[in-house]
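A quick write-up on the structure given underneath.
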Amino acid sequence: HNTATMNFLRRRLSDSSFVANLPNGYMMDLQRPDSSTSSPVSPATERKHPQPPQPSHSSSTGTSIFSSISSAMKQTTQAAAGLIDHSASPPPPVAQKPKILLVIDDAHTDWAKYFQGKKVNGEFDIRVEQAEFSELNLAAYVMGGCMVDMQVMRNGTKVVRSFKPDFVLIRQHAYSMALGEDFRSLIIGLQYGGIHTVNSLYSIYNFCSKPWVFSQLIKIFNSLGPEKFPLVEQTFFPSHKQMVS
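The sequence shown begins at 1 in UniProt numbering and counts up one residue at a time.
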């Protein structure tokens with residue numbers, strides 16, 4: 001009975017239209033040669049051994065789509081940023097506060113023209129304030145620097161200004177034997193306020209006393225000798241009374 005059934009199935013399998021309508025796996029198992037040891041084949045058994053499914057490309061396709069979207073979003077973002085950069089006007093340049101140079105000299109030399117167009121470190125403009133020692137007053141602070149008050153005559157007009165100098169250039173003697181020509185207190189005030197100077201405040205203060213300067217020359221004379229550093233011999237007295245006695 002089993003043999004007749006298998007022969008019937010084989011005849012049916014020869015029909016191409018019948019084979020085309022069979023589920024996957026049926027034709028492979030039913031066309032196997034008959035064996036006396038083989039057990040009857042049932043549809044339930046066939047369903048346990050389906051053909052391995054073909055690898056799906058959904059995962060790779062999804063990854064590819066995600067990469068394309070990410071790339072498009074990145075390009076769109078960069079383009080938008082570029083549009084913003086091109087459309088927005090650049091910020092206006094910040095005006096740097098000029099550096100103030102106080103020049104202590106008489107009016108015969110106009111120091112402003114020598115510093116016109118010059119910059120400190122190529123960045124800061126230089127504003128020149130020029131006056132003589134007799135036209136200046138100041139107040140120096142430990143934390144606040146030095147505030148200078150200036151009263152000068154410009155073309156018959158009295159100009160009064162107060163400012164904090166950043167640098168000082170001294171072109172006048174700070175001390176003279178003439179009445180009212182002792183400006184050493186201003187030198188001390190500039191030193192007290194920590195103002196940067198083109199010429200050393202130490203040298204300017206030392207040169208206020210000629211005997212003090214000569215004492216420094218005597219040190220060089222004793223170090224190098226009279227042949228290398230000749231010096232005119234002088235005598236110092238603390239008081240002029242000793243010179244006439």
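Heads up, the beta-carbon is just placed ideally off N, CA and C, and yes, glycines get one too.
Taking the straight line between their C-alpha atoms, what separation do you get for residue i and residue j?
i	j	result
ASP125	TYR175	32 Å
PRO238	ALA107	37 Å
PRO226	SER215	15 Å
residue 249	MET150	In the structure as shown, the chain starts at 1 and stops at 245, and residue 249 therefore has no counterpart that could be examined.
LYS164	MET243	46 Å
PHE207	VAL94	43 Å
ARG154	THR109	14 Å
VAL120	ILE188	26 Å
GLN191	GLY156	33 Å
SER162	GLU233	47 Å
GLU123	TYR141	28 Å
LYS113	LEU169	15 Å
LEU224	LEU231	11 Å
Tell me whether residue i sits in a helix, a strand or coil according to DSSP, three-state version.
i	result
SER135	Going by the sequence as given, residue 135 is Glu instead of Ser. Here GLU135 sits in helix by DSSP.
SER162	strand
ALA174	coil
GLN130	strand
ALA95	coil
DSSP has residue i in a bridge; who is on the other side?
i	result
LEU169	VAL103
THR197	VAL168
GLU181	Paired residue(s): none; GLU181 is not in a bridge.
ASP125	LYS119
ALA112	Note: ALA112 sits in no beta bridge, so no partner.
residue 271	Nothing about residue 271 can be reported from this structure: the residues present for the chain run from 1 to 245 only.
THR235	Note: THR235 sits in no beta bridge, so no partner.
Considering only residues of the same chain and omitting the five flanking positions on each side of residue i, which have a CB-CB separation below 6 Å?
i	result
PHE229	ILE220, PHE221
PHE167	LEU101, HIS196
PHE236	PRO211
LYS118	ILE126
Skipping 5 residues on each side, what residues in its chain have a beta carbon closer than 8 Å to that of residue i?
i	result
SER245	none
ARG127	PRO98, LYS99, ILE100, LEU101
LYS158	GLN151, VAL152
LEU179	none
Which same chain residues, not among the five before or five after residue i, have their C-beta less than 7 Å away from its C-beta?
i	result
PHE133	ILE104, GLN172, ALA174, PHE183, LEU186
TRP111	VAL103, ASP105, VAL128, GLN130
Which residues mark the beginning and the end of the beta strand (DSSP E) in which residue i is found?
i	result
MET153	145–154
Along the alpha helix (DSSP H) that carries residue i, what are the first and last residues, could you check?
i	result
LYS210	210–224
GLN242	241–244
Please tell me whether residue i has its Cβ less than 9 Å away from any Cβ of chain B.
i	result
MET243	The structure shown contains no chain B; it is built from a single protein chain.
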